[in-house]
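So the sequence shown is numbered by the numbering used here: it starts at 49 and just counts up by one.
All C-beta atoms, glycine included, are put in the ideal place defined by N, C-alpha and C.
These figures come from a predicted structure and were not determined experimentally.
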Amino acid sequence: MSKAPNYYIVDAEALPEIFRKVVDARRMLDTGEAETVNQAVQLAGISRSAFYKYKDAVRPFQDMLHGRIVTFQIMLKDEPGILSHVLNLFAGSGANILTINQGIPINGCAVVTVNAETSGLEGSLQELLARLNGAEGVLRGEILAG
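Below is the structure:
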């Protein structure tokens, strides 16, 4: 079982320069200033290995405030009220639904893709996924991205 991460708020000036450069390289990739990791690390003046070592561990505080967007794919039985019940599970968990896409039911099943912002999630993603998979009418639920 993995340990939950501990977070600290630290003035950027107190951080080692490599952390600030990794954040700068990520920003360049996100804004399109750099098209590839190679280009971003060259512009930031760091190695690829340093970038990959810290890229998921260091980010600006304002990024932490925006939460995470997670994409769920859920296969439902094609019966009245099941989608409504699934959406209520999201709402009850504190997830903010951003988009819902439902395919046309085939053979009595419909695939629904839900994008949700999870910064307000009460509990873990695994707990939400377990509740979804245990809900009546849900044949399968999984996280596609996030």
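query                                                                                                                                                                                            : result
How is the beta strand (DSSP E) around residue 118 delimited, first residue to last?                                                                                                             : 117-125
State the DSSP-derived secondary structure class of residue 83, mapped to helix, strand or coil.                                                                                                 : coil
Out of 193, 99, 118, 186, state which residue places its alpha-carbon closest to the alpha-carbon of residue 159.                                                                                : 186
So, with DSSP's three-state summary, where would you put residue 107?                                                                                                                            : coil
State the beta-bridge partners of residue 166 as determined by DSSP.                                                                                                                             : Residue 166 is not bridged to any residue.
Evaluate contact between the segment 158-174 and the segment 115-129, counting only Cβ atoms and requiring at least three cross-stretch pairs below 8 angstroms.                                 : yes
Under 8 angstroms by Cβ, that's how I've got residue 169 and residue 141 pegged, so tell me the actual separation to the nearest angstrom.                                                       : 6 angstroms
Could you name the residues of the same chain whose beta carbon sits closer than 8 angstroms to that of residue 89, not counting the 5 residues immediately before and after it, in chain order? : 73, 95, 96, 98, 99
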